[in-house]
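Visitor: Heads up: the sequence shown begins at 2 in the numbering used here, then just goes up one per residue.
From the three backbone atoms N, C-alpha and C, an ideal C-beta is built for every residue, glycine too.
Here the structure is a predicted model, which means the values were calculated and not measured.
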Amino acid sequence: MIDSSLHLPRIFCLHGGGTNSFVFKSQARSLIRQLGPHFRFIFTNAPFVSDAGPNVLPLYKDCGPFRTWLPWAGAENIATDKKGVIAAIENSLHQAMEDDDRKGATGPWVGLLGFSQGAKLCASLLFEQQLRAHSTEPPHPNESKRCYKGWKFALLLHGIAPLVALSEEGEGEGMQNADQILGLFSEGFKFEEDKAKRLLSTPTIHVHGLLDPGLPLGRKLLSGYCSEKSASVLEWEGDHRVPVKSDFVQKITIAILDLVS
Numbered sequence: 002m003i004d005s006s007l008h009l010p011r012i013f014c015l016h017g018g019g020t021n022s023f024v025f026k027s028q029a030r031s032l033i034r035q036l037g038p039h040f041r042f043i044f045t046n047a048p049f050v051s052d053a054g055p056n057v058l059p060l061y062k063d064c065g066p067f068r069t070w071l072p073w074a075g076a077e078n079i080a081t082d083k084k085g086v087i088a089a090i091e092n093s094l095h096q097a098m099e100d101d102d103r104k105g106a107t108g109p110w111v112g113l114l115g116f117s118q119g120a121k122l123c124a125s126l127l128f129e130q131q132l133r134a135h136s137t138e139p140p141h142p143n144e145s146k147r148c149y150k151g152w153k154f155a156l157l158l159h160g161i162a163p164l165v166a167l168s169e170e171g172e173g174e175g176m177q178n179a180d181q182i183l184g185l186f187s188e189g190f191k192f193e194e195d196k197a198k199r200l201l202s203t204p205t206i207h208v209h210g211l212l213d214p215g216l217p218l219g220r221k222l223l224s225g226y227c228s229e230k231s232a233s234v235l236e237w238e239g240d241h242r243v244p245v246k247s248d249f250v251q252k253i254t255i256a257i258l259d260l261v262s
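#1: Less than 8 Å between the CB atoms is what I'm expecting for residue 9 and residue 39, so what's the real figure, rounded?
#2: Between the Cα of residue 256 and those of 154, 14, 47, spot the shortest distance and give me the residue it belongs to.
#3: Counting along the chain, where does the alpha helix (DSSP H) carrying residue 99 start and finish?
#4: In angstroms with no decimal places, state the Cα-to-Cα distance between residue 186 and residue 88.
#5: Along the chain, where does the beta strand (DSSP E) that runs through residue 210 open and close?
#6: Given this structure, state the Cα-to-Cα distance separating residue 42 from residue 14, to the nearest angstrom.
#7: For residue 45 and residue 210, I'd like the C-alpha separation in whole angstroms.
#8: Based on Cα-Cα distance, which residue from 66, 203, 215 lies nearest to residue 50?
#9: Note down, in chain order, each residue of its chain lying with its Cβ closer than 8 Å to the Cβ of residue 21, except the 5 sequence neighbours on either side.
#10: Please report the distance separating the alpha-carbon of residue 247 from that of residue 35.
#11: Given this structure, state the Cα-to-Cα distance separating residue 59 from residue 28, to the nearest angstrom.
#12: Return helix, strand or coil for residue 245, following the three-state DSSP convention.
See the structure below:
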């Protein structure tokens, strides 16, 4: 059977900490159903094995191993430094992009979709893309990396501050180093909003659950790291999970289609 989505613009989907691509695809099924005629969705696994994250068990208890993009309290034994973490993330992303190309997909990579830790990483990829686009330094021969190019927008589901520095240039006040161990809700990170001066200008849509324990840091991601000119927010009466109710998912769908139209 011919895959009718091969020509569509592609959205890269990054799962939350303590889940995996299979779980995220199941969690995001309502969103994929509504946006499926317009985009091709590519899911990939994070590089590091971890404990299960929030709201994963018992429903997905047989769907492991669970994985994480970054060190956290459920995956403290990642034996690498920040450069190793960044390299592992990049390798996971590039491998998934190349695998989809080999399947015959030809649509441009246009968007990022992430949940929780995956949303944090999506915003961090946009930030690194922005840094590289405005850099006055000549590009390093190894820096023509696809995962930092071409992104037009990101849908951030329950994303939380801080952003992660994916290069030395990105490090500084208000940024998390890639090997820094935090809780999934960033416990222990001292955030001063006025020190996160470098704002994302790429369009972002933030989805916040009003019962989410990570909501305060989700709001800091929005107000402290994203330009009010390019960021929008949708709120729902939910906790830390991917929205599935069709009426709210339709609002997300409309917001994305309005953004790309």
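Guide: By the coordinates alone:
#1: Taking the sequence shown and counting its residues from 1, one reaches residue 9 at position 8. Taking the sequence shown and counting its residues from 1, one reaches residue 39 at position 38. About 7 Å separates the two Cβ atoms, so the contact holds.
#2: Translated into the one-based positions of the sequence shown, residue 256 becomes position 255. Comparing Cα-Cα distances from residue 256 to each of 154, 14, 47, the minimum goes to 154.
#3: Translated into the one-based positions of the sequence shown, residue 99 becomes position 98. Residues 83-103.
#4: Here residue 186 corresponds to residue number 185 of the sequence shown, with the count starting at 1. Here residue 88 corresponds to residue number 87 of the sequence shown, with the count starting at 1. Cα-Cα distance, rounded: 24 Å.
#5: Residue numbering aside, residue 210 sits at position 209 when the sequence shown is read from its first letter. It spans 205-210 - the beta strand (DSSP E) in which residue 210 sits, taken as one unbroken run.
#6: Taking the first residue of the sequence shown as 1, we reach residue 42 at position 41. Taking the first residue of the sequence shown as 1, we reach residue 14 at position 13. Roughly 7 Å between the two C-alpha positions.
#7: Start at 1 with the first residue of the sequence shown, and residue 45 comes out as number 44. Start at 1 with the first residue of the sequence shown, and residue 210 comes out as number 209. Each residue's Cα considered, the two are about 24 Å apart.
#8: The sequence position of residue 50 within the sequence shown is 49, counting from 1. Nearest of 66, 203, 215 to residue 50, Cα basis: 66.
#9: The sequence position of residue 21 within the sequence shown is 20, counting from 1. Closer than 8 Å at the Cβ level, and outside the excluded window around residue 21, lie 46, 47, 64, 65, 66, 67, 68.
#10: In the sequence shown, residue 247 corresponds to position 246, counting from 1. In the sequence shown, residue 35 corresponds to position 34, counting from 1. Rounded to whole angstroms, residue 247 to residue 35 spans 9 Å at the Cα level.
#11: The sequence position of residue 59 within the sequence shown is 58, counting from 1. The sequence position of residue 28 within the sequence shown is 27, counting from 1. So the two alpha carbons sit approximately 14 Å from each other.
#12: Against the sequence shown, residue 245 aligns to sequence position 244. Correct three-state label for residue 245: coil.
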